[in-house]
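Position one of the sequence shown corresponds to residue 125 (my numbering), numbered consecutively onward.
What follows is a single structure, written as structure tokens, with notes after it.
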Amino acid sequence: MSLSRSIELEHFDERDKKQRSVRRSGSGAGSTAGSTRGNGLIPSPAHSAHCSFYRTRTLQTLSSEKKAKKVRFYRNGDRYFRGLVYAISSDRFRSFDALLMELTRSLSDKVNLPQGVRTIYTIDGSKRIIGLEELLEGESYVCASNEPFRKVDYTKNVNPNWSVNVKAGTARSLSSLVSLKSEAKENKDFIKPKLVTVIRSGVKPRKAVRILLNKKTAHSFEQVLTDITDAIKLDSGVVKRLVTLDGKQV
């Protein structure tokens with residue numbers, strides 16, 4: 125009877141050892157898993173600071189990209205056009221082609237840039253602009269079709285106070301402005317608006333174009349010849365003289 129009792133006690137001792145061993149191993153695994161979860165959910169201070177700096181830098185970059193750049197555009201070869209100011213931003217113009225289309229609507233007509241705006245040069249013609257990112261704040265550019273750059277002092281008739289880099293203290297005196305306006309008025313008053321028809325010389329069929337002469341498009345006879353050259357497109361190049369239908373030179 126004592127032998128049977130001894131066998132039962134040994135059986136229960138072995139079972140208790142196995143259960144204690146299983147509990148200890150489970151407790152160790154739970155502790156390791158808890159440590160792993162803690163490392164995954166609680167970021168270090170250095171990691172948090174890096175993420176905050178990255179978010180700040182990203183917001184600054186997006187803000188600078190969306191900021192509009194104020195630039196002025198001229199027409200190629202037009203020495204009397206005072207330029208057109210545009211605010212260039214990624215929200216307004218999604219691509220460079222979109223800017224060219226907008227400039228075509230604003231600057232192109234039958235006389236000036238009749239083929240539309242297809243090329244943009246820097247103000248000195250030294251570089252051709254091919255992307256929106258190349259346009260710089262406060263700078264001026266020249267719009268052309270497919271013709272080469274025409275070297276003209278485009279900025280001579282522009283109010284210098286427009287530039288973002290010029291201080292307000294450089295404004296001219298009132299008397300100087302009045303005298304300049306009076307001189308400009310005297311120079312413009314001799315031209316009245318006229319609609320004329322110009323016929324290309326040569327064999328038939330002859331090309332004919334109608335041109336409106338007014339104070340904005342014609343400041344001198346040389347300017348009229350330049351406008352007619354752009355419109356009539358002679359094989360010989362530049363229009364140098366005009367004659368009436370009865371052969372009298374203008």
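By construction, the Cβ of each residue, glycine as well, lies at the ideal position given by its N, Cα and C atoms.
Under 8 Å between C-beta atoms of residue i and residue j
i	j	result
Gly-240	Ser-232	yes
Ala-268	Tyr-245	yes
Leu-223	Leu-256	yes
Leu-259	Val-195	yes
Leu-319	Arg-334	yes
Tyr-278	Tyr-204	no
Lys-234	Ala-355	yes
Glu-271	Lys-193	no
Val-348	Leu-337	yes
Arg-274	Asn-200	yes
Ser-264	Ile-247	yes
Val-374	Thr-368	yes
Collapsed DSSP secondary structure at residue i in the structure displayed
i	result
Ser-230	helix
Ala-211	strand
Leu-237	coil
Asp-277	coil
Asp-221	helix
Limits of the unbroken beta strand (DSSP E) element including residue i
i	result
Ala-355	Segment 345-356 is the alpha helix (DSSP H) holding Ala-355; no beta strand (DSSP E) there.
Leu-259	Looking at the DSSP string, Leu-259 is not in any beta strand (DSSP E), and its letter there is neither H nor E.
Ser-264	264-268
Arg-196	193-199
DSSP beta-bridge partners of residue i
i	result
Thr-246	Tyr-265
Val-333	Val-322
Ile-254	According to DSSP, Ile-254 bridges with nothing at all.
Val-367	Gln-373
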